[in-house]
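Residue numbers (my numbering), protein chains in the order written: chain A, 733 to 1003; chain B, 30 to 291.
The beta carbon of each residue, even a glycine, is placed where N, CA and C say it ideally should be.
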């Protein structure tokens, strides 16, 4: 890890000794990590490894049993209501299935955060929505409903909505899953562009290896709720850890044995 | 066996607490929230009022109209023996305004609107849309529950009045068309025995029923788990629970009005 380079950077999300369990199933086990401003940080791992839970803890969607998550100096594990919402206004999130409100048009979906959290005039909001949509290459689709556009387009609209308020941090939950390789590549490029052009900190949960090595500045591998490796993509690629190697190669044989494991935590979290 | 009973008691208790909490949150976002943070969007309240009220008007009209017809025929059958068919008019009017109008309207709305609310919010829940709202710092209660609650609260009494009128017209059709009562006499008899309190006790009921339908529908929707099957279950539950609570509330309110002499 390029220690000297990272130490100069500002820590924007700091996770300390985070533990969360559902019943007797420990899904996040004493996790500590720092995420720096402007970097693209990828959390990878098998289904049920606890990576989605880790992200939901960071977004404040669920509360940990113990530990802290400092975002811009505030512990969001202890924040509720308005204080939590204040932090969340600096968040954007792209959901696995886009999570667009299907009763609203593309225009209304993207403008929703602006209408809710700013006092901008409707004309200005319309201009901002146009800008955000052209960033994701979807100008002209303002009046379509989510049911009328393809999955890849929905993801891009979701991305436009996530960046509507110019957030400092954007979370991506499996951004490329369920998309064809070309659209997946487009989404990867968008994530990269956004973090470079707008200096957004990106936190990506994925198990798409191609995507990981395309976009990541740093990678953390999660297995059974623990971070077992963390470093730059090259360091991860050359890691001696057998779990990491098996995961990268996607081999059925190795220390990760799905047949011996319990059902994953995501099963429980799948609400 | 005991564990099954225990689990269902615990679940029932949790639901009751959950619904009360949702009710308090809804009241907060109606009365306090607008001054502290942000009010529910007026546009979505009106949108819901159109869906709840205008689009339900026809079905409410038909259900209560035919009930008025049936009620007139059945009571005419009984009253004929006493030679008092004229009183069909007041019997239909009083029983509709006090009882059948509010209850039937509520049951129709629970079936049409309550289920739609549960299905819509439930689908939003299972497709991460509720979570997306929360991440966007948009309170789901303010954004989704309050407009539906207010729309039902204001439209339910309107629909009830419409239902009362439709039922009375149904009675009139039988009274004039089949029983040979003079039209003016029928209308006169209708209003002769219909008192103001008959109408307002019915309206008080309709406000309570509106709150039941909105809260149960929203609660079931917000607590949907597990995909399409979960949405189906939430929808069914919302209708079944609303029906039971509407009848129960009706029984309690009728008793209150009866024993308090109104």
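Asked: Between residue 814 of chain A and chain B, is the shortest Cβ-Cβ distance under 9 Å, so that the two count as touching?; Found: yes
Asked: The beta strand (DSSP E) that contains residue 958 of chain A, what's its start and end?; Found: 958 to 963
Asked: Note down, in chain order, every chain B residue with its Cβ under 7 Å from the Cβ of residue 827 of chain A.; Found: 157 and 161
Asked: Can you tell me where the alpha helix (DSSP H) holding residue 915 of chain A begins and where it ends?; Found: 913 to 929
Asked: Closer than 9 Å between beta carbons: that is the criterion. Which residues of the region 875 to 886 of chain A meet it against chain B?; Found: none
Asked: Which of the three DSSP states is assigned to residue 1001 of chain A in this structure?; Found: For residue 1001 of chain A, the predicted structure reports a pLDDT of 48, less than 50, and the residue's modelled location is therefore unreliable. A value from the coordinates is still provided. Residue 1001 of chain A falls in the helix class under three-state DSSP.
Asked: What three-state label does DSSP hand residue 955 of chain A in the structure shown?; Found: strand
Asked: According to DSSP, is residue 213 of chain B part of a helix, a strand, or is it coil?; Found: helix
Asked: Below 9 Å between beta carbons: does that hold for residue 188 of chain B and residue 82 of chain B?; Found: yes
Asked: Quick one: is residue 835 of chain A near chain C, going by C-beta distance under 9 Å?; Found: Structure shown: chain C not included; protein chains present are A and B.
Asked: For residue 877 of chain A and residue 202 of chain B, I'd like the C-alpha separation in whole angstroms.; Found: 47 Å
Asked: Quick one: is residue 113 of chain B buried, meaning 16 or more other Cβ sit within 10 Å of its Cβ, or exposed?; Found: exposed
Asked: Name the DSSP beta bridge partners of residue 800 of chain A, please?; Found: A:748
Asked: How would you write the range of the alpha helix (DSSP H) that residue 55 of chain B sits in, first residue to last?; Found: 31 to 56
Asked: Here's a check: name, in chain order, each residue in its chain whose Cβ is nearer than 6 Å to the Cβ of residue 243 of chain B, leaving out the five neighbours to either side.; Found: 177, 178 and 181
Asked: Run through the region 965 to 989 of chain A for me and flag every whole alpha helix (DSSP H) of 4 or more residues, listed as ranges in chain order.; Found: 965 to 969 and 974 to 981
Asked: If you measure from the beta carbon of residue 54 of chain B to each beta carbon in chain A, is any gap under 9 Å?; Found: no
Asked: Return yes when the Cβ of residue 745 of chain A is within less than 9 Å of the Cβ of residue 802 of chain A, no when it is not.; Found: yes
Asked: Which first and last residues belong to the beta strand (DSSP E) in which residue 757 of chain A is found?; Found: 757 to 768
Asked: Based on DSSP bridge pairs, tell me the residues matched to residue 245 of chain B.; Found: Bridge partners of residue 245 of chain B: none, in fact.
Asked: Interface residues of chain B around residue 791 of chain A at Cβ under 9 Å?; Found: 160, 163 and 164
Asked: Look at the alpha carbon of residue 753 of chain A and the alpha carbon of residue 226 of chain B, and state the distance between them as a whole number of angstroms.; Found: 57 Å
Asked: Residues of chain B with CB under 9 Å from residue 823 of chain A, in chain order?; Found: 164, 165 and 166
Asked: Determine the direct distance from the alpha carbon of residue 887 of chain A to that of residue 960 of chain A, and round the result to whole angstroms.; Found: 30 Å
Asked: Less than 6 Å between C-beta atoms, sequence neighbours within five positions excluded: which residues of the same chain meet that for residue 105 of chain B?; Found: 114, 117 and 208
Asked: Grouping DSSP H, G and I as helix and E and B as strand, with all else coil, what is residue 90 of chain B?; Found: helix
Asked: What did DSSP end up calling residue 824 of chain A once you bin it into helix, strand or coil?; Found: strand
Asked: Check residue 950 of chain A in the structure and name its three-state DSSP category.; Found: strand
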